[in-house]
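Heads up, the sequence shown is in my numbering, so the first residue is 442 and it goes up one at a time.
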Amino acid sequence: MAESTGSGAAQADFDVAVLSDAGTERPDNEDACGYFIESPQAALFMVADGIGGYEGGEIASRMAVDLTIEAYRESPPAWGAAKRLQRAVQRANIEIHNRAIVVPELRRMGTTLIAAVVEGGRLSAAHVGDSRLYLARGGCLSQITKDHTAVAERVRMGLMSAARARNHPERSMLSRSLGRELIVSVDRLSMPLVQGDRVLLCSDGLYNVLEDGEIEHLLRPGDAAAICKALIETANARGSGDNLTVAVFIMHGATPFAADVAGTGWREWLGRIFGRRR
Ligand code: CA
């Protein structure tokens, strides 16, 4: 049963929805998700996957989502979306870290966070951990974030095959997370969207049981809320031993960037921006 859900912005340039589910084998849900619609042209949405015994994971992921949204809302729009998001995530990190220091039961807590803002057709994202941001465009699904795990780093260095990494027992061990250190290194991403783009944020509980082709297929029909539900139901039908969380954003309106990136060259363009191709 879904434990966290929401969707909105039917009158806006976009459609956004989030959904979290404990999965089929776990009693608790240590994932969290949320979104904030600032205007008909601007939305913030995010997914967090908590770690750390006792209730730590649940608290860390909830804090990451709530504090990031709160800090973003309170920051001056004049800073621009990317700076507002970066500052908000750093503030959330410090507060989670401080809480972990003063509460002994929570000292091992931490969380992933993938948070994205789309404003005026431009996507800005902040990322720590192994939750992911995918872009579906023109029938192709691209993983935009890189996983902050020791296993993923070994794959990037050519020391391990992607196939071996997929089933590696330590594949979920994070090399970076929110709340563990006072200062965290946050990956920043920025890219223009075009009309029809679909952005997916998800925890590893989803991508560990669904193939890229299946995810791309599920991102096609329906509104954002229906897509969230379909992704989680399909993953649960496989029997998911982990919590599952998704956020889906659909760019319905035309954006100023359509002429720049439309056509067949966009994957090469994406490769230049992020230094690699998928
Ligand atoms: Ca997980």
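For each residue, glycine too, the CB sits at the ideal point set by N, CA and C.
I'd like to confirm something about residue i: is its beta-carbon nearer than 7 angstroms to some heavy atom of ligand 1, or not?
| i | result |
| --- | --- |
| N470 | no |
Our contact map puts residue i next to residue j with C-beta atoms below 8 angstroms; I'd like the distance itself, whole angstroms only.
| i | j | result |
| --- | --- | --- |
| I537 | A501 | 5 angstroms |
| L554 | A489 | 5 angstroms |
| M692 | F455 | 6 angstroms |
| N677 | R467 | With a Cβ gap of about 12 angstroms, N677 and R467 do not count as contacting. |
| A529 | A512 | 4 angstroms |
Is it buried or exposed for residue i, if we count other Cβ within 10 angstroms and need 16 for buried?
| i | result |
| --- | --- |
| N649 | buried |
| R717 | Only weak support exists for where R717 lies, its pLDDT of 45 falling under 50; the value from the coordinates is given anyway. It is exposed - the Cβ of R717 has fewer than 16 other Cβ atoms within 10 Å. |
| S626 | exposed |
| M442 | The predicted position of M442 is uncertain, since its pLDDT is 41 and thus under 50; no value can be drawn from it. |
| E515 | exposed |
| S565 | buried |
| L582 | buried |
| R679 | exposed |
| D469 | exposed |
| G475 | buried |
| S602 | exposed |
| R605 | exposed |
| G598 | Reading off the sequence, residue 598 comes out as Met, not Gly. Answer is exposed; the Cβ neighbour count stays below 16. |
| E498 | The identity of residue 498 in the sequence shown is Gly, whereas the question assumes Glu. It counts as buried. |
Along the beta strand (DSSP E) that carries residue i, what are the first and last residues, could you check?
| i | result |
| --- | --- |
| Y476 | 472 to 480 |
| D456 | 455 to 462 |
| V559 | 554 to 560 |
| Y495 | Y495 -> no beta strand (DSSP E), and no H or E assigned at all. |
| L538 | It should be noted that the sequence gives His, not Leu, for residue 538. No beta strand (DSSP E) contains H538, which is instead part of the alpha helix (DSSP H) from 522 to 543. |
| D645 | Here D645 belongs to no beta strand (DSSP E); instead the alpha helix (DSSP H) covers 645 to 648. |
| V569 | 563 to 569 |
Would you kindly report the start and end of the unbroken alpha helix (DSSP H) that includes residue i?
| i | result |
| --- | --- |
| R607 | 603 to 607 |
| G680 | No alpha helix (DSSP H) contains G680, which DSSP labels as neither H nor E. |
| H658 | 653 to 659 |
| Q584 | Q584 -> not in any alpha helix (DSSP H); beta strand (DSSP E) instead, spanning 581 to 584. |
Quiz item: Mind listing, in chain order, the residues whose beta carbon lies closer than 6 angstroms to a non-hydrogen atom of ligand 1?
Solution: Per the Cβ criterion, the list is D490, S644, D645, G646, D683, N684.
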